Amino acid sequence: MGIKLGLGSRRALRASPILLAACLAAGCDRSDDSIPLTALDVSQPQGWADELAMPLAQDLNPDPNVLEIELEARVADIEILPGTTTPAWTYNGSVPGPMIRAKVGDRVIVHFKNSLPEETTIHWHGLRVPNEMDGAPGATQEPLATGGEFRYEFELKDAGTYWYHPHTDSSAQVGRGLYGAFIVDDPSDPEEFGDDLVMLMSDIGLDESGQLVPSDSGGNFGDLFGREGSVLLVNGKVLPTLMVRQGKQQRWRIINATRARYYNLRLRDHRFMRLGGDNGLAARSEDVYNLILTPGERADAVFTPADPPGTRNVLRWVPTERGYGSTYNRASEPMLEIETVAETPVIPEAIPAELRTIEPIDVSNAKHRTLDLTIAIASTVEMGVNGVPYWQAKPIEIALGDTEVWRIVNNTDFSHPFHLHGYFFQVLDENRVPEWKDTVNVPTKSEITIAVRFDERPGAWMYHCHILDHAEAGMMGHLVVRDPSAPHTAPPPAAHHHH
Ligand code: C2O
Ligand code: CU
Numbered sequence: 002m003g004i005k006l007g008l009g010s011r012r013a014l015r016a017s018p019i020l021l022a023a024c025l026a027a028g029c030d031r032s033d034d035s036i037p038l039t040a041l042d043v044s045q046p047q048g049w050a051d052e053l054a055m056p057l058a059q060d061l062n063p064d065p066n067v068l069e070i071e072l073e074a075r076v077a078d079i080e081i082l083p084g085t086t087t088p089a090w091t092y093n094g095s096v097p098g099p100m101i102r103a104k105v106g107d108r109v110i111v112h113f114k115n116s117l118p119e120e121t122t123i124h125w126h127g128l129r130v131p132n133e134m135d136g137a138p139g140a141t142q143e144p145l146a147t148g149g150e151f152r153y154e155f156e157l158k159d160a161g162t163y164w165y166h167p168h169t170d171s172s173a174q175v176g177r178g179l180y181g182a183f184i185v186d187d188p189s190d191p192e193e194f195g196d197d198l199v200m201l202m203s204d205i206g207l208d209e210s211g212q213l214v215p216s217d218s219g220g221n222f223g224d225l226f227g228r229e230g231s232v233l234l235v236n237g238k239v240l241p242t243l244m245v246r247q248g249k250q251q252r253w254r255i256i257n258a259t260r261a262r263y264y265n266l267r268l269r270d271h272r273f274m275r276l277g278g279d280n281g282l283a284a285r286s287e288d289v290y291n292l293i294l295t296p297g298e299r300a301d302a303v304f305t306p307a308d309p310p311g312t313r314n315v316l317r318w319v320p321t322e323r324g325y326g327s328t329y330n331r332a333s334e335p336m337l338e339i340e341t342v343a344e345t346p347v348i349p350e351a352i353p354a355e356l357r358t359i360e361p362i363d364v365s366n367a368k369h370r371t372l373d374l375t376i377a378i379a380s381t382v383e384m385g386v387n388g389v390p391y392w393q394a395k396p397i398e399i400a401l402g403d404t405e406v407w408r409i410v411n412n413t414d415f416s417h418p419f420h421l422h423g424y425f426f427q428v429l430d431e432n433r434v435p436e437w438k439d440t441v442n443v444p445t446k447s448e449i450t451i452a453v454r455f456d457e458r459p460g461a462w463m464y465h466c467h468i469l470d471h472a473e474a475g476m477m478g479h480l481v482v483r484d485p486s487a488p489h490t491a492p493p494p495a496a497h498h499h500h
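In the numbering used here, the protein residues as written are 2 to 500.
This is how it looks when you write it as structure tokens:
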């Protein structure tokens with residue numbers, strides 16, 4: 002991964018036998034205030050993240066390099082609003098579904114069963130899986146009918162923070178609770194980043210009695226704006242509490258699993274050290290005031306608690322400008338209570354500035370293309386790319402090994418988070434810290450440029466707006482990467498993998 006570590010010199014010194022000997026001779030006491038403790042000297046407060054615990058997918062395979070799990074999509078009664086029951090759509094009975102966690106290089110086998118009343122598939126958002134494992138109906142697999150089963154199997158090529166969700170009727174299915182975190186660990190990550198905490202942010206549309214609002218609520222305007230759920234959840238909980246100790250760092254891996262909501266996260270009197278996002282670490286760490294995530298996007302950041310012992314603070318969702326009506330007259334909302342325990346503050350560790358070498362993609366021979374994200378409003382709202390909704394679109398043809406530069410243009414009244422399956426891209430913008438991405442915001446009335454190398458895994462891959470209401474309204478398409486040396490150059494058949 003090319004990670005450069007900068008071990009804090011303070012720790013190196015403290016571990017030195019010479020210092021230790023000097024200390025023994027002089028009679029230093031480790032509890033003496035003259036040697037302040039640093040973040041790595043202490044543990045997190047007891048039960049610090051208990052309220053944020055998510056079920057973990059159970060490994061059925063004894064091989065330490067294979068994670069073999071069972072997932073079942075089914076409707077389950079769960080309590081989201083206190084004292085009410087919501088018939089949520091779940092993986093294995095919980096919202097979010099079980100967290101899948103393994104290390105880079107591991108093999109993952111998922112025995113999936115669809116017990117929903119509708120067809121579904123699973124897409125592994127951001128993971129570079131073989132084409133036939135991508136879970137995209139119409140491109141890589143037939144949707145699984147009720148009772149259908151499918152075995153997904155792939156190798157984890159990249160460390161990072163990912164997630165999984167359905168790819169049929171995705172706005173409705175994700176909106177009802179179908180999503181889960183998928184973390185690929187890199188065991189060589191510096192421990193200075195702090196203890197890892199995964200936070201899957203989602204929202205769900207409920208009435209006061211906990212019933213799901215119709216997934217097409219709001220009609221055309223719902224399609225245009227994207228449907229934000231009324232209840233904000235962190236790891237499935239309404240306003241949970243996280244316990245922290247001043248100075249004791251935590252590495253937050255945040256996933257935006259909503260169908261339409263943008264997040265702008267702020268914590269009073271704090272800044273964050275952003276490490277990266279979609280595909281693990283960025284080139285450099287970056288000191289930021291807020292964390293912004295579009296639907297589908299992830300953030301990886303170090304949080305250094307700075308409040309005095311014995312106080313409380315609140316991580317807030319703040320409205321983000323994403324087009325017409327997105328911030329007007331809207332208040333911020335509390336997401337997560339942060340309780341700073343009454344213990345002596347510790348000195349935070351220094352976070353390395355350089356994190357990873359990210360070579361810029363060579364675009365000297367790249368093919369250039371423009372993708373215009375479009376909205377046509379007639380009796381219904383029809384969205385598309387270059388004016389064509391996905392059900393009429395012809396695939397973009399790409400030769401294996403080609404590099405392409407895409408101008409993604411947005412002249413519409415709403416921002417669109419552009420997502421590409423199968424390949425990471427780089428945003429060509431000198432003002433950004435270089436990093437690999439699979440989802441990026443294209444703000445209203447603007448454009449961005451990305452570079453992609455279609456270097457492996459030929460096949461059909463989707464791209465779409467990750468406001469899932471927009472994707473389902475047509476803002477989606479697919480490309481076909483063809484291997485010119487392969488004997489068959491016909492489009493890959495939609496795989497029939499019913500078992
Ligand atoms: Cu998060 Cu096409 O997907
Ligand atoms: Cu959109």
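Just so you know, even glycine gets a beta-carbon here, dropped at the ideal spot from N, CA and C. Nothing here was measured: the structure is a model prediction, and the numbers come from that model.
Boundaries cannot be given for residue 319, as no alpha helix (DSSP H) includes it and DSSP labels it neither H nor E. Going by C-alpha positions, residue 350 is about 42 angstroms away from residue 402. For the pair of segments examined, the stretch 399-417 was found to touch the stretch 353-368: the number of CB pairs separated by less than 8 angstroms reaches three.
In terms of side-chain proximity, the C-beta atom of residue 255 is found no nearer than 6 angstroms to any non-hydrogen atom of ligand 2. Boundaries cannot be given for residue 107, as no alpha helix (DSSP H) includes it and DSSP labels it neither H nor E.
Those residues that bring their Cβ nearer than 5 angstroms to a heavy atom of ligand 2 are 417, 466, 468 and 471. At a threshold of 6 angstroms, residue 124 counts as near ligand 1, since its beta carbon sits closer than that to one of the ligand's heavy atoms.
When the five nearest sequence neighbours on each side are left out, the beta carbons in the same chain lying within less than 8 angstroms of the beta carbon of residue 302 are those of 252, 253, 255, 273, 274, 275, 276, 289 and 292, in order along the chain. Annotation: the continuous alpha helix (DSSP H) that includes residue 473 extends over 469-473. In the same chain as residue 267, and ignoring 5 residues on each side of it, the C-beta atoms closer than 6 angstroms to its own belong to 291, 317 and 319, in chain order. In the structure shown, residue 430 falls within a coil segment according to DSSP collapsed to helix, strand and coil. A straight-line Cα-Cα distance of about 14 angstroms links residue 232 and residue 263.
The beta carbon of residue 398 sits closer than 8 angstroms to those of 480, 481 and 483, all from its chain and outside the five residues before and after it, given in chain order. In terms of CA proximity to residue 413, 377 leads the group 377, 102, 430 and 425. Per the coordinates, the alpha-carbon of residue 121 lies some 43 angstroms from the alpha-carbon of residue 246. Residues of the same chain with a CB within less than 6 angstroms of the CB of residue 71, apart from the 5 flanking positions on each side, are 112 in chain order.
Separation of residue 281 and residue 358 (C-alpha to C-alpha, rounded to the nearest whole angstrom) is 12 angstroms. No Cβ-Cβ contact shorter than 7 angstroms links residue 347 with residue 50. Taken through DSSP and simplified to helix, strand or coil, residue 77 comes out as strand.
Relative to ligand 1, residue 297 has its C-beta within less than 6 angstroms of a heavy atom.
Where residue 347 is concerned, there is no enclosing beta strand (DSSP E), because DSSP gives it neither an H nor an E. Annotation for residue 463 indicates a beta carbon within 6 angstroms of some heavy atom of ligand 1.
DSSP places residue 175 within a helical segment (H, G or I) once states are collapsed to three.
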